[in-house]
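Residue numbers for the sequence shown, in this note's numbering: 1 to 290. A quick write-up on the structure given underneath.
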Amino acid sequence: MTALADKISARATPTRFVATNGRTLAYREIGSGPPLILCLRFRGVLDSWDPAFLDHPARSFRVITFDYSGLGQSGGDASYRAEAMARDVIDLADALAVDTFALAGWSIGGLAAQAATCMVPDRVSHLVLIGTTPPGPVEHPSEPIFLETALKPVNDLADETILFFEPASAASRAAAEASHQRIAARRGDRSPEIPPETYIRLLKDRAAPDTFPDPGGYRDFLARGTVPILVISGDHEIVFPAPNWFALSRAWKSLHLVVLPQMGHGPQHEVPELAAEWIASFIRHRAKPR
C-alpha cells in the first residue's frame, strides 16, 4: 500500500473487490505490515466494525476486513456454516497473495477463524477469538435475551447496548453510544444490512445441538496445535459465556485467556485501543514454536 493509503482511517478506506472461485468478495484494507484478517459477527457486514478498533492495529499491521459470500457487498451463496465462512477467509487470502496471516474472529466469526486455522494451520500465525465459543459441546448456553434482541429486524442503540455491551454499567452504556456514533460516521460506500429473511434462513441452515458442531475434531486439533490462541471476552458475555473457555485453559496448550470486567459481547468496541494493543502485542511476542 502507498504511504497515503496508510493514513486513511477505516472510516474512509474504500471497498475493493476480488473475484475468486466463482464469486466476488468485498473487502477493505488499511495499514501496512504483517496481514491481520478479521472475521465478522452474526448479521455483520464491513460497516459493523468500530473504526477506532481497526485504526489502532493498522499502525503496525495490514488490517483486512471483508463481507462473507452472499452478504453485504459480496457475491455468491451465503452460509453461516463454519467451513463455508472459513473458505471465504482462505480464498480471500489466496486472491490477495497473502500466504501467512494472523486471523481474528468476533462472535460467529470466531467459528470461521477456528475452522480456517484447522484447515490451513501452516498459514495462520496467530488466532484471536473475541466473544466466541470453542468447538463442540459447552456447559454454559447463551442468555435468552440474545436471540430476542438479535433477531429484531432493526437493532437500535438500546439493542446494541444489550447485545454488545453491559447495560448495568454506566461506563459501558456510554461506550456503546460512542461506538455507535463512530460506526455511523462513515458516509457512502456502505455495505447493505442483511435482511431478516436471509439471516433467519442461514440460522436455520446451521441449526444443530451444538453451537459450533465439531464432527471434524477441531477441538482436539486446536488443543494440541501450535498456533498461539488469544481469547478476549467480557465477563457478562450473553452470547458465548466466558466460563466455557475456563476448562480449556490448561487443556489447550497455546491458549491465552483475557476476561474483561463489566463488559459484554463486544469488548473490542468498548475499549478499542486497549483490545487492539493486546492483539498487537500478542502477535508480536507470542510466536509459533519452531
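Just so it is clear, CB atoms sit at the ideal spot from N, CA and C, and this is done for glycine as well.
query	result
Exposed unless 16 or more other CB atoms sit within 10 angstroms - verdict on valine 154	exposed
Alpha carbon of phenylalanine 101 to alpha carbon of leucine 127, nearest angstrom	9 Å
Local conformation of serine 172 per DSSP, three classes	helix
Proline 144 burial status per 10 Å Cβ neighbour count (16 or more: buried)	exposed
Three-state class that DSSP yields for histidine 360 in the structure shown	Nothing can be reported for residue 360, as the shown portion of the chain is limited to 1 through 290.
Same chain, Cβ closer than 6 Å to threonine 117, five either side skipped, listed in chain order	Val124, Leu127 and Val227
Own chain, CB closer than 6 Å to phenylalanine 282, minus 5 neighbours either side, in chain order	Leu230
From Ala176, Lys288 and Ala287, residue whose alpha carbon lies closest to that of alanine 52	Ala176
Three-way DSSP call (helix, strand, coil) for proline 57 in this model	helix
Beta-carbon gap between alanine 86 and alanine 58 smaller than 7 Å	no
Span separating the alpha-carbon of histidine 285 from that of alanine 223	20 Å
CA-to-CA distance, leucine 151 to alanine 26, given in whole angstroms	25 Å
Helix, strand or coil at glutamate 273 [DSSP, three-state]	helix
Rounded straight-line distance, which links the Cα of valine 239 to that of alanine 184	24 Å
Identity of the residue in Gln262, Leu274, Lys253 and Glu277 nearest proline 289 by Cα	Lys253
Residue range of the beta strand (DSSP E) that includes tyrosine 218	Note, tyrosine 218: premise wrong, no beta strand (DSSP E); alpha helix (DSSP H) at 218 to 224.
Range of the contiguous beta strand (DSSP E) that encloses isoleucine 64	62 to 66
N-terminal and C-terminal residue of the beta strand (DSSP E) that valine 259 is part of	255 to 260
Inter-stretch contact (C-beta, 8 Å, three-pair minimum) for the segment 43 to 52 and the segment 83 to 98	no
Neighbourhood of histidine 236 by C-beta, 8 Å cutoff - its chain only, sequence neighbours within 5 removed	Glu166, Ala168, Gln262, Met263 and Gly264
Glycine 131 versus leucine 257 - alpha carbon distance	11 Å
Glutamine 319, buried or exposed, once every other Cβ within 10 Å from all chains shown has been counted against 16	Given that the chain is displayed from residue 1 to residue 290, the structure contains no residue 319 and the question cannot be resolved.
Contact under 7 Å by Cβ, glycine 340 with threonine 24	Outside the shown range of the chain, which is 1 to 290, sits residue 340, and nothing can be said about it.
Cβ distance (whole Å) where tyrosine 218 is taken to contact proline 135 below 8 Å	4 Å
Bridge partners - glutamate 29, DSSP secondary structure assignment	Ile64
Short Cβ contact (7 Å threshold) for arginine 206 with arginine 81	yes
Beta-bridge pairing of cysteine 39 - partner residues as DSSP gives them	Gly105
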